[in-house]
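In order, the protein sequence lines correspond to chains A and B.
With our numbering, you'll find the first sequence wraps up at 298, consecutive numbering, no jumps.
With our numbering, you'll find the second sequence wraps up at 1564, consecutive numbering, no jumps.
Quick reminder that beta carbons are idealized off the backbone N, C-alpha and C, glycines included.
Taking it in order: structure first as structure tokens, then the write-up.
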Amino acid sequence: MRQSTAAEAVLQRRKWELPAYRGRARRIRPADLFVYAAGALILIIAICAAFPQWIAPYSPTDMMMDAIMQGPSAAHPFGTDYYGRDILSLVVYGSRDSLYIGFMSVLVGGLAGGAIGTLSGYVGGALDAVLMRIVDVLMTIPGILLALAIAAAMGPGMGNIVLAVAAASVPGYARVMRGQTISIKNRPFVTASRAIGATPFAIFWKHVLPNSLSPLLVMATLGIGTAILTGSGLSFLGLGVLKEIPDWGALLSQGRGYLTVAWWICTYPGLAITLLVLAVNIVGDWLRDRLDPKRKEA
Amino acid sequence: MYSNHRSFKWTSALLAVTLTLALALAACGNNNNNGGQAASGDASPSAGSPAASQVDGSPSAAAQGGELTYALATSPDTLDPQRSGLAVAVRVIRTLYDNLVVKLPDNTVKPWLATEWTESEDGLSYTFKLRQDVKFQDGTPFNAEAVKFNYDRILDPNTKAANASALLKPYKSAEVIDEYTVKLNLETPSRAFLGNLSQALLGLVSPTAAKKYGDQFGKNPVGTGPFKFVKWEENAEITVERNPDYNWAPEIVDNKGAPYLDRLTFKIAPEEATRIGSVQSGQVLAAETVPPQNIVSFKSNPDFQVLQANTIGLPYTLFINQEHAPWGETKARQALQYGIDVGAIVKTLYLGTYDQAWSALTPGVLGYDASLENSVQPDADKANALLDEIGWKKGADGIREKDGKKLTLRYVDGSPNREKRNDIAAIIQQQLKKIGIDTEVVITKDILTEVYTNSNYDLYGNSQVNGDPNALSAFYHTAPKGALGNLSKVSDPELDQWLEQGALEKDDAKRAELYKKVQQRIKDEAIILPIYVFPYTVAASKSVQGLKFDLLGYPLFNDVSLAK
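In structure tokens form, the structure reads like this:
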């Protein structure tokens, strides 16, 4: 059911894409340009996160008190904040924590959720029933609320934010993986392996797992965007850590009191979040199209 | 949930945009500052200007009627004056209760509910004659019995009085001489006592109501004040209405009778942007604690006015915990004094709207030592030299070390970020890095545990609204044995002696001298870092007229009217 609705969506989209890009022009669709642009943007942000000192014009902690709240200019392309810190430099350095939260929480959440889902789907029976009821309960709580509650309970800290965001995404991954595992488990080639005497573990390791990973990968890619957003949200709400170098969510939060007098303090970190999440989603979408077996058949 | 990947993606993208906008615009308006301890109020004043100045031009004929909406920055804890400890609660309490006496900006004490008084020769008792025409809002007559009930109630440990009991000290007992004469006896003579009786936290509550409601009196307050309590919606608003029988206002306001306003509603709006935005949009007529960046824009807008009150007490001060090494050493503390550029911090964060503090007292308090102004200039070289001298040498990472230990400083501050205090911490962290001190900034909602129970701080800031220099005793006098100690953990026999003398000295000039000595010692020993004096600011629509402030900077609504 899950697969078929996804396929329907693809088909539906292809219906409206086909007439417009029939013929030669189909090779460089605007959609591809978006993917390249998104990829480039992610690459730039990744470089920012890895080597901020190469890109940032100033140190992010340098408070130039004779130049506070200056609008964008040649010296400070994104302006300066109320301490006189260069906002471009802050955004560049802030990318590290934002990306870290995004990737780590997806990694943790994806591994945990994927493991629960696979186990549940492959073993089935009572274990499946118990695990899925737990997941059902978790799914009744909105993700951001769950993350908020966990972050508030564990106190501020990068690790805690990652855990909070990861925990909120576990039910989703578990559900998808379970469905995928069950569908693969009942395919003829699995039955065939069993017939020739392969052990259940070998079947799982060699056949079921590799064949059920692609939806998880796609979902994880798309999840990075959500994770960055949730992490920024938690940070904005003051559940993050007060660090010398704030992440994007914290930058937004710190600048919001100045929105009417110095719009640039909030705007650029906000823009950075928006663009990164958008880029990750575009790439995730493209990846899904690539990995979707139904699409290859079409 | 995620059955359709495509719609999921667009949901996410949409969410990204909306959330970003929402984060920037909306806000999380649920931070209540419950952590504020003892009168940790917004302290106050700016140099030289007289308190209780009438900020608005006097209206020729005050219009009767109307409702004033006034946005508060935090929620009061209780409306029982004797149990409250928050400055924000006093802004409401002031409308509900009266005091025996009133203190004018020139520090003289004048009659209010007491018509006259005499002090005994030994300074151990005061006899007050009371007004005979006063009634509490529930009809209870105001008399000597009521006064005795009030002060005894503060003394009663069951009341759990907070700041009120500190202000009432050294009160011992009251004697009812006749219906309208009461004699208050003290344990020891005190110069601060009479003036303290004017403070809102010693406001007089109705004995009938206090007995009837007990612990719930704070939610059902009854006093003799110009306004009567109507309702309190938790974290939303507090409404009070005109007390038509009111006829006993003190000298500090013009309108001695019932207020002009029919109703006064205090809206609780902790989120800065919301509070300020609601004045701009006309949802409320006035809002307190205007952020510096908005003061300028309000001032240039002809539809609005910014009122600024000059209050007094202890400025916002960073206390250095001497119990934690190496801050017990004078030279280490002096290094902080020279290494931190307070002037730049105050100028940067408050954009010229706050004054820098120079002493343990604010200008306007008796004995304030103006000679300390500009007496400390930031000097990183001096700070470095001092630290070198006591053996803290810079390591490879630029942080100083001694005997294998890094020079660290644990800076504790409260949440939410009141008056940009967290930002002060962020700047100090950077400034101290330059002289090789690694500052750990800890922002916590639980100041009570972190600071007052565990003393787990090297640096912590606080302020106090108070009209008498005796307020210094609580912060700089050696704490009694077994007690947790004052914030600086300072214990200096000479300071103790001066503070004790200051509490008793009858000659104001000599008293001022004693407190000047105290302030100079505090500065010389670098016991504290005074930061800023807090101006209580109110942004209001031009139609709001006659808003005044008392000596401590609390708003007075007796004369307020709304222009049509």
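- Taking the C-beta atoms as reference points, Ala1426 of chain B is found nearer than 9 Å to Tyr83 of chain A.
- Taking C-alpha positions only, Glu1500 of chain B is separated from Gly1225 of chain B by approximately 35 Å.
- For the options B:Asp1550, B:Trp1358, B:Ala1540, the alpha carbon positioned closest to that of Ser1281 of chain B is the one of B:Ala1540.
- Bounds of the alpha helix (DSSP H) holding Val1346 of chain B are 1342-1350.
- For Gln1464 of chain B, the secondary structure class from DSSP, reduced to helix, strand or coil, is strand.
- Contact between Met177 of chain A and Gly114 of chain A holds: CB atoms are separated by about 5 Å, below the 8 Å threshold.
- With the rule of 3 Cβ pairs closer than 8 Å, the segment 1369-1376 of chain B does not count as touching the segment 1312-1321 of chain B.
- In this structure, the straight-line span from the alpha carbon of Ser59 of chain A to that of Leu1194 of chain B is close to 56 Å.
- Cβ contact annotation for Ile1238 of chain B (same chain, cutoff 6 Å, sequence separation greater than five): Val1092, Trp1232, Phe1266, in chain order.
- Sequence-distant partners of Gly1223 of chain B (beyond 5 residues in either direction) whose C-beta falls short of 7 Å from its own C-beta, in its chain, are Leu1096, Tyr1097, Asp1098, Phe1136, Gln1137, Gly1203, Leu1204, Val1205, Ser1206.
- Per the coordinates, the alpha-carbon of Leu1551 of chain B lies some 18 Å from the alpha-carbon of Leu1472 of chain B.
- In the three-state scheme derived from DSSP, where H, G and I count as helix and E and B as strand, Gln1356 of chain B is classed as strand.
- In chain B, no part has a C-beta under 8 Å from the C-beta of Val208 of chain A; the shortest such distance is about 21 Å.
- Chain order gives the chain A residues near Ile1427 of chain B as Met63, Met65, Tyr83, where near means a beta carbon separation below 9 Å.
- With respect to chain A, the C-beta atom of Pro1207 of chain B has no partner C-beta closer than 9 Å.
- Against chain A, a Cβ distance below 8 Å from Ser1415 of chain B picks out Gly238.
- Interface with chain A (9 Å Cβ-Cβ cutoff): Lys1433 of chain B is included.
- Taking a Cβ-Cβ threshold of 9 Å, the residues of chain A close to Ser1297 of chain B are Thr260, Val261, in chain order.
- Separation of the CB atoms of Ser95 of chain A and Ile42 of chain A is rounded to 11 Å, and the pair is thereby denied contact status at 8 Å.
- With respect to chain A, the C-beta atom of Glu1450 of chain B has no partner C-beta closer than 9 Å.
- The bridge partners DSSP lists for Trp1117 of chain B are B:Phe1128.
- A check of alpha carbon separations from Gly179 of chain A across A:Gly231, A:Leu148, A:Leu119, A:Leu229 identifies A:Leu119 as the nearest.
- Setting aside the 5 residues that flank it on each side, Cys48 of chain A is surrounded in the same chain by Ile55, Val92, Ser95, each with a C-beta closer than 7 Å to its C-beta; the list follows chain order.
- C-alpha of Val1102 of chain B to C-alpha of Lys1110 of chain B: approximately 5 Å in a straight line.
- Residue environment: Ile1345 of chain B is assigned as buried (16 or more neighbouring CB atoms within 10 Å of its CB, all protein chains considered).
- Contact annotation, Ile182 of chain A with Val190 of chain A: C-beta distance approximately 11 Å; criterion of less than 8 Å not satisfied.
- When rounded, the separation of the alpha-carbon atoms in Ala166 of chain A and Ser105 of chain A is 4 Å.
- Relative to Leu1409 of chain B, the option among B:Pro1480, B:Gln1322, B:Gly1391, B:Glu1419 whose CA is nearest is B:Gln1322.
- Counting of Cβ neighbours within 10 angstroms places Pro1469 of chain B among the buried residues, the total reaching 16 or more.
- Under the three-state reduction of DSSP output, Pro1141 of chain B falls in the strand class.
- For the set B:Ala1114, B:Thr1181, B:Arg1083, the Cα lying nearest the Cα of Thr1159 of chain B is the one of B:Arg1083.
- Listed in chain order, the positions of the segment 1258-1287 of chain B with a beta carbon within less than 7 Å of a beta carbon of chain A are Glu1272, Ala1273.
- By the 16-neighbour rule on beta-carbons within 10 angstroms, Gly1482 of chain B is exposed.
- Contacts with chain A (Cβ-Cβ distance below 9 Å) from the segment 1349-1378 of chain B involve Leu1349, Leu1351, listed in chain order.
- Using a Cβ distance threshold of 9 Å, Ser214 of chain A and Leu291 of chain A count as a contacting pair.
- Leaving aside the five residues that flank Ala1380 of chain B on each side, the residues in its chain whose CB is nearer than 8 Å to its CB run, in chain order, Tyr1338, Gly1339, Lys1434, Ile1435.
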